[in-house]
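For reference, the structure discussed in these notes is given below.
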Amino acid sequence: MMKKIILFLIISCFSFIQMSCDDFLTQEPETSATNINFWKTEQDVESAVYGLHTVFRDAIGSYTQYYRDRGILLDYLSLAKWNKSQSNDLSGYTTSSPELSWANEYKIIAQANLIIDNIDRANLSQDRYNFYLGQALYLRAYTYFQIIRLWGDAPLVISSNDIGQKGRTPWKEIASFIINDLVKAVQLLPSVDQLRDSKGNIITNKQIPCKGIANATLAHAYAWLAGFGKEPMYYTKGIEAATAVINDPNYGLVVNPEEVCTKVMRGNSKESIFEITYSELLGEYKSYAGYIAGAIQRWPIQPNTTPATKRNYRINNTTVANLYSKNDLRRTAYFKDFEQMAEESSAITQDAAYVQIWRYPIIFNDGNKKGQMKTYDANEIIFRLADIILLRAEMKAATNDLSGAKSDLNIIRQRAGVDDYTPEEGDLRIAIQLERDKELIFQCLVRYFDNMRNHTYNKNLKGNFLTLSEQDVLNGALFLPLPKVAFNNNPAMKQTVYWQIQFRI
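Sequence positions in the sequence shown follow mature numbering (1 follows the signal peptide of the UniProt record, and there is no 0) and run -20 to -1, 1 to 485.
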């Protein structure tokens, strides 16, 4: 209860920095007695950081992130605009659509900047100063990383006084800023087993940044510059960052794909590195419909359902059979009774597999919703060790360390009960990317970003993606168009070239 009160107070106290959705980046600075009198104690700083985590969770944990995913492995999506977006047809969206708005991401950045600019005013010991500053730097860096992957060039706001009209900074310049923040965060933050709150209590919440989280993000940032940015000199640093995570004794793979479902997706497992944390007991949860599981899972997980319950978001049996070999343990862990149900009538199954990755529904126990779904006992997993191992395999293959790449790939295959890679299968890099599809299926935006990073969008995605030219990509075809909010009172802003006609402001 006290933590929730603190979160409420900090958000109220800092409401002056929350940007209007009509004119963010054009706000005039405000003098606040609250801000002047704040930043005196560790509790002040801790409260500010709690507030930052709340804003981060609300934005990055939102289902809106899934609607931005144009590469999710589903064969049928009933929501027309999301279905069309899988072919890079964004005709279902307007510049006012929340899926295109970056306002919430810039709220995170504003809150992080406020902490970074004011933390020196608190009388903190060096280790506590490092802990809180590292968190703010990390969350700012991660948010900018999300922005450049989704929108490309974007406004770069580097301090709480950095306001007014802003154009777009080239995404590679922002990437350098991101990497600088992440390198600092790696230096400042403790390892996950050394996280402590202001009272010295052990922190087990994996939303709290630590050295491993910062290194995992650094590995992805370097891979993005090297792959999507076509600057392969960054692969070496990416491999180093990934190796720092893989060698960290605080992390380890769970035993098998069944435990991925029963332990990892539930949250706070040894395999998980970074996740957005929810707690039904603390009242800090989101509706089950806010999870991708709320869309793609019905029977056997959701109450009051049968195999014949209609599903509006489906992956076909043929897709699963082609993706996973018969001896792949993920085929039976991720999909309920796959072989048996694939033989059932299509009138019952809709010819689709029954996803069962998120195993723990929470049910209303009383009231008019008694017996219905409330939420899932699950966190949103952003990075886990299997992801980083396969990312390192990808980077090793790109640098011609084929032996090292195969070794990393086979670690994940062996856990899934699959034979080791052989050259007869074809291109090793293709095999690694396919393994990421299998292992990280349905994790938000992973597959889309993989295809961007590896320039395989015109091979693995759908519809208009297949005919994109290199010039289309240079013009921003893989990014989202800018939201209307970006242009309010801001003549310096320009729409992404590829989307200028369709999303004219």
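Even glycine gets a Cβ: it sits at the ideal position worked out from N, Cα and C.
Original post:
Opposite Ser259 in the DSSP bridges: which residues?
Top reply: Within the sequence shown, residue 259 is the residue found at index 279, counting from 1. Glu264.
Subject >> C-alpha distance - Lys418 paired with Asn185, whole-angstrom precision >> reply: On the sequence shown, residue 418 is found 438 positions in, with the first residue counted as 1. On the sequence shown, residue 185 is found 205 positions in, with the first residue counted as 1. Approximately 27 angstroms, taken between the alpha carbons.
Original post:
Pick from Ala373, Ser71, Ala275 and Met245: whose alpha carbon is nearest that of Asn359?
Top reply: Taking the first residue of the sequence shown as position 1, residue 359 is located at position 379. Measuring C-alpha to C-alpha distances from Asn359 to each of Ala373, Ser71, Ala275 and Met245 identifies Met245 as the nearest.
**OP:** Go through its chain and collect everything with a Cβ distance to Thr286's Cβ below 6 angstroms, but skip five positions before and after it.
**Re:** Reading the sequence shown from its first residue, position 306 is the one you call residue 286. Excluding sequence neighbours, Thr286 sits near Trp279.
**OP:** Whole angstroms is fine: what's the gap from Val453's alpha carbon to Lys439's?
**Re:** Residue numbering aside, residue 453 sits at position 473 when the sequence shown is read from its first letter. Residue numbering aside, residue 439 sits at position 459 when the sequence shown is read from its first letter. So the two alpha carbons sit approximately 14 angstroms from each other.
**OP:** For Tyr43, name the three-state secondary structure that DSSP assigns.
**Re:** Within the sequence shown, the letter at position 63 stands for residue 43. Looking at Tyr43 - three-state DSSP - the assignment turns out to be coil, as it is neither helix nor strand.
**OP:** Would you list the one or two residues that DSSP bridges to Ser252?
**Re:** As a first step, residue 252 must be located in the sequence shown, where it is residue number 272. Its beta-bridge partners are Arg364.
Subject >> Chain-order list of residues whose beta-carbon lies under 7 angstroms from that of Ile392 (same chain, five-residue window excluded) >> reply: Counting from 1 along the sequence shown, the entry for residue 392 is found at position 412. Counting only Cβ-Cβ distances below 7 angstroms, and skipping sequence neighbours, we find Ala366, Ile369, Leu370, Glu415 and Glu419.
**OP:** Using only alpha-carbon positions, find the residue among Asn17, Ser81, Asn345 and Gly31 that is nearest to Tyr47.
**Re:** In the sequence shown, residue 47 corresponds to position 67, counting from 1. Checked all of Asn17, Ser81, Asn345 and Gly31; the closest Cα to Tyr47 is Ser81.
**OP:** Decide if Asp400 is buried, meaning its Cβ has at least 16 other Cβ atoms within 10 Å, or exposed.
**Re:** Working through the sequence shown from its first residue, we reach residue 400 at position 420. That one is exposed.
Original post:
What residues in its chain sit with their C-beta under 8 angstroms from that of Leu104, if we drop five residues either side in the sequence?
Top reply: Start at 1 with the first residue of the sequence shown, and residue 104 comes out as number 124. The answer, listed in chain order, is Glu22, Val25 and Tyr112.
Original post:
Roughly how many angstroms separate the alpha carbons of Pro463 and Asp49, rounded to a whole number?
Top reply: On the sequence shown, residue 463 is found 483 positions in, with the first residue counted as 1. On the sequence shown, residue 49 is found 69 positions in, with the first residue counted as 1. Each residue's alpha carbon lies about 17 angstroms from the other.
Original post:
Should Lys87 be listed as close to the ligand SAM, given that the test is whether its C-beta is under 7 angstroms from any heavy atom?
Top reply: Absent from the structure shown: the ligand SAM. Ligands present: none.
Original post:
Since Met473 contacts Arg148 with CB under 8 angstroms, what's their CB separation in whole angstroms?
Top reply: Residue 473 sits at position 493 when you count from the first residue of the sequence shown. Residue 148 sits at position 168 when you count from the first residue of the sequence shown. The Cβ separation is near 7 angstroms, so the contact holds.
Original post:
Is the Cβ-Cβ distance between Gly41 and Ile183 less than 8 angstroms?
Top reply: Sequence index remark: in the sequence shown, residue 41 carries index 61 (1-based). Sequence index remark: in the sequence shown, residue 183 carries index 203 (1-based). No, Cβ-Cβ distance for Gly41 and Ile183 is not below 8 angstroms.
Original post:
Between Asp407, Ala466 and Trp479, which lies nearest to Leu458 when the distance is taken from Cα to Cα?
Top reply: Sequence index remark: in the sequence shown, residue 458 carries index 478 (1-based). When each option's Cα is compared against that of Leu458, the closest is Trp479.
Original post:
My guess is that Phe208 and Arg433 are in contact by the Cβ rule of under 8 angstroms, so how many angstroms apart are they, rounded?
Top reply: Residue mapping note: residue 208 aligns to position 228 of the sequence shown, counting from 1. Residue mapping note: residue 433 aligns to position 453 of the sequence shown, counting from 1. Their Cβ separation, rounded to whole angstroms, is 5 angstroms, which keeps Phe208 and Arg433 in contact under 8 angstroms.
**OP:** Could you have a look at Asn302 and say whether DSSP puts it in helix, strand or coil?
**Re:** Against the sequence shown, residue 302 aligns to sequence position 322. DSSP places Asn302 in helix when its eight states are reduced to three.
Subject >> Sequence-distant residues of the same chain with beta carbon closer than 6 angstroms to Ile95, five excluded per side >> reply: Within the sequence shown, numbered from 1, the residue matching residue 95 stands at position 115. The answer, listed in chain order, is Ala28 and Ala116.
Subject >> Beta-carbon proximity list for Ile127, same chain, < 7 angstroms, skipping 5 on both sides >> reply: Locating residue 127 in the sequence shown gives position 147, counting from the first residue. So the qualifying residues of the chain are Trp82, Glu85 and Ala134.
Original post:
Between the C-alpha atoms of Ile342 and Lys376, what's the straight-line distance to the nearest angstrom?
Top reply: In the sequence shown, the residue the question calls residue 342 occupies position 362. In the sequence shown, the residue the question calls residue 376 occupies position 396. Whole-angstrom Cα-Cα distance: 42 angstroms.
Original post:
Less than 8 angstroms separating the beta-carbons of Tyr124 and Leu169?
Top reply: Reading the sequence shown from its first residue, position 144 is the one you call residue 124. Reading the sequence shown from its first residue, position 189 is the one you call residue 169. No.
Original post:
Nearest-angstrom Cα distance between Ile(-4) and Lys20?
Top reply: The residue given as residue -4 occupies position 17 in the sequence shown. The residue given as residue 20 occupies position 40 in the sequence shown. Its pLDDT being 41, under 50, Ile(-4) is placed unreliably in this model, and the coordinates cannot settle the point.
**OP:** Give the range of the beta strand (DSSP E) segment to which Thr355 is assigned.
**Re:** Working through the sequence shown from its first residue, we reach residue 355 at position 375. Per DSSP, Thr355 is one residue of the beta strand (DSSP E) stretching across Met353 to Tyr356.
Original post:
Using 8 angstroms as the threshold, is the stretch 152 to 163 in touch with the stretch 197 to 216, meaning 3 or more CB pairs across them?
Top reply: yes
Original post:
What distance in whole Å lies between the Cβ atoms of Asn431 and Asn68, which are believed to be in contact at a cut-off of 8 angstroms?
Top reply: Here residue 68 refers to the residue found at position 88 when the sequence shown is read from its first residue. Here residue 431 refers to the residue found at position 451 when the sequence shown is read from its first residue. Not confirmed; about 11 angstroms, so no contact.
**OP:** Could you check what DSSP says for Tyr478 in three-state terms: helix, strand or coil?
**Re:** Sequence index remark: in the sequence shown, residue 478 carries index 498 (1-based). Tyr478 falls in the helix class under three-state DSSP.
Original post:
According to DSSP, is Ile183 helix, strand or coil?
Top reply: As a first step, residue 183 must be located in the sequence shown, where it is residue number 203. Ile183 falls in the coil class under three-state DSSP.
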